[in-house]
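To start, the structure itself, in structure tokens.
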Amino acid sequence: MSKKHVAVLMGGFSSERPVSLASGKPCADALEAEGYEVTRIDVARDVGKVLADLAPDVAFNALHGPFGEDGTIQGVLEYLQIPYTHSGVLASALAMDKDKAKKIAKAAGIPVAESRIMNRFAIGSSHPMKPPYVVKPVSEGSSFGVVIVKEDQSHPPQVIGSSEWKYGDTVMVERFVHGRELTCAVMGDVALAVTEIVPVGHSFYDYDSKYVPGGSKHECPAKISPIIYQKIQTLSLKAHQAIGCRGVSRSDFRYDDRFSENGELIWLEINTQPGMTPTSLVPEIAAQAGHSFGELLSWMVEDASCLR
Numbered sequence: 004m005s006k007k008h009v010a011v012l013m014g015g016f017s018s019e020r021p022v023s024l025a026s027g028k029p030c031a032d033a034l035e036a037e038g039y040e041v042t043r044i045d046v047a048r049d050v051g052k053v054l055a056d057l058a059p060d061v062a063f064n065a066l067h068g069p070f071g072e073d074g075t076i077q078g079v080l081e082y083l084q085i086p087y088t089h090s091g092v093l094a095s096a097l098a099m100d101k102d103k104a105k106k107i108a109k110a111a112g113i114p115v116a117e118s119r120i121m122n123r124f125a126i127g128s129s130h131p132m133k134p135p136y137v138v139k140p141v142s143e144g145s146s147f148g149v150v151i152v153k154e155d156q157s158h159p160p161q162v163i164g165s166s167e168w169k170y171g172d173t174v175m176v177e178r179f180v181h182g183r184e185l186t187c188a189v190m191g192d193v194a195l196a197v198t199e200i201v202p203v204g205h206s207f208y209d210y211d212s213k214y215v216p217g218g219s220k221h222e223c224p225a226k227i228s229p230i231i232y233q234k235i236q237t238l239s240l241k242a243h244q245a246i247g248c249r250g251v252s253r254s255d256f257r258y259d260d261r262f263s264e265n266g267e268l269i270w271l272e273i274n275t276q277p278g279m280t281p282t283s284l285v286p287e288i289a290a291q292a293g294h295s296f297g298e299l300l301s302w303m304v305e306d307a308s309c310l311r
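Take the position in the sequence shown, starting the count at 1, then add 3; the result is the number in this note's numbering.
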């Protein structure tokens with residue numbers, strides 16, 4: 004039986020274009036090594052026509068950021084009836100909107116940090132909540148636009164209200180949770196290993212920590228108590244199911260164990276299009292569960308469908 008023709012969608016036109024290209028290339032190479040016929044598509048505004056003319060068996064979505072993971076390209080693929088990887092239209096849109104995703108998670112019994120949605124210009128010169136807190140765009144990924152306001156800062160950073168800000172006018176102001184950065188991938192209906200992320204030379208897991216080699220250390224599996232470890236796996240699967248995700252997702256957490264081993268565990272967000280770069284977490288987590296990179300991608304291709 005001949006292998007499927009897979010169109011790998013990468014690049015695109017969001018601020019995360021470089022990340023998407025860095026994810027898409029190794030995915031395309033690995034899928035070819037697995038025997039698939041692969042066409043690489045650097046996504047532009049005419050992607051609907053390109054896909055309609057190409058008529059691949061499956062679209063492997065390696066896009067990041069708006070258009071690629073907010074339900075838009077998923078809607079195009081539904082319209083064209085091309086089976087695709089990762090989550091569907093609704094789950095993608097919900098997960099990309101941090102506020103809506105948090106509301107669903109909270110309703111499902113998942114612990115989240117207190118937050119409020121504001122227009123960035125309304126923040127002004129006085130703190131919108133007691134520091135420390137985090138200001139983040141509601142619909143960006145890869146830690147773009149994330150600003151941490153520390154206890155000793157007398158006023159919010161000016162960049163939030165400046166013309167340099169390019170992440171939209173609606174922001175989430177969220178209580179800063181001290182502690183360790185933990186993440187867990189879900190593959191289908193199985194929660195995989197929990198990984199601790201230790202940024203190297205960075206105050207938090209920012210863009211460079213994620214994508215620059217040596218920017219962070221990944222401890223997989225994380226060295227935490229079995230109770231907390233299993234709780235993170237349970238909450239990751241619960242978030243994946245509550246938001247309606249499909250394929251592979253990754254949930255991020257903060258775990259404050261400064262005062263006790265049980266500590267405070269807070270779910271931050273879910274990523275429906277986890278990175279597949281050489282420094283990305285999901286390939287490492289899948290490898291720990293015994294899945295090679297090629298096997299992981301093959302599973303995603305065979306899992307692809309419409310009406311996700």
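Even for Gly, the Cβ is constructed at its ideal location relative to N, Cα and C. The structure displayed is predicted, hence computed values, not measured ones.
Chain-order list of residues whose beta-carbon lies under 7 angstroms from that of Ile-107 (same chain, five-residue window excluded): Hits under 7 angstroms: Leu-97, Ala-245 and Ile-246.
With a Cβ-Cβ cutoff of 9 angstroms, do Glu-184 and Cys-223 count as a contact? Going by C-beta atoms, Glu-184 is not nearer than 9 angstroms to Cys-223.
On the criterion of 16 or more Cβ atoms from any shown chain inside 10 Å, does His-89 qualify as buried, or is it exposed? Classification of His-89: buried, given that the 10 Å Cβ count is 16 or more.
Have a look at His-221 and Ile-120 and give me their C-alpha separation to the nearest angstrom. Taking C-alpha positions only, His-221 is separated from Ile-120 by approximately 32 angstroms.
List, from N- to C-terminal side, the alpha helix (DSSP H) runs of 4 residues or more that fit wholly inside the region 8–41. The region 8–41 contains these whole alpha helix (DSSP H) runs: 20–36.
Buried or exposed for Gly-112, going by 16 or more other Cβ atoms inside 10 Å? Residue burial is scored here from C-beta neighbours: Gly-112 has fewer than 16 other C-beta atoms within 10 angstroms and is therefore classed as exposed.
From Ala-58 to Asp-45, what distance separates their C-alpha atoms? Going from the Cα of Ala-58 to the Cα of Asp-45 covers about 16 angstroms.
Could you tell me which whole alpha helix (DSSP H) segments of length 4 or greater appear in the region 224–286? Runs found: 229–246.
Start and end residues, beta strand (DSSP E) containing Arg-183: 183–190 is the span of the beta strand (DSSP E), which, as asked, contains Arg-183.
Look up Glu-199 in the DSSP assignment and give the residues it is bridged to. Note: Glu-199 is bridge-paired with Leu-185 and Glu-222 in the DSSP secondary-structure output.
If you pair each beta-carbon of the region 48–56 with each one of the region 298–306, do three or more pairs fall below 8 angstroms? The region 48–56 vs the region 298–306: no contact.
Helix or strand or just coil, what does DSSP make of Tyr-82? Helix.
Counted within 10 angstroms of its Cβ, other Cβ atoms place Pro-229 as buried (16 or more) or exposed: For Pro-229, the number of other beta carbons within 10 angstroms of its own is below 16, and it is reported as exposed.
Can you tell me the Cβ-Cβ gap for Ala-196 and Ile-288, rounded? I've got them flagged as a contact below 8 angstroms. Indeed they touch by this definition, with Cβ atoms about 5 angstroms apart.
Taking only the alpha-carbon atoms, compute the straight-line gap between Gly-266 and Leu-93 and give it to the nearest angstrom. Taking the straight line joining both Cα atoms gives about 34 angstroms.
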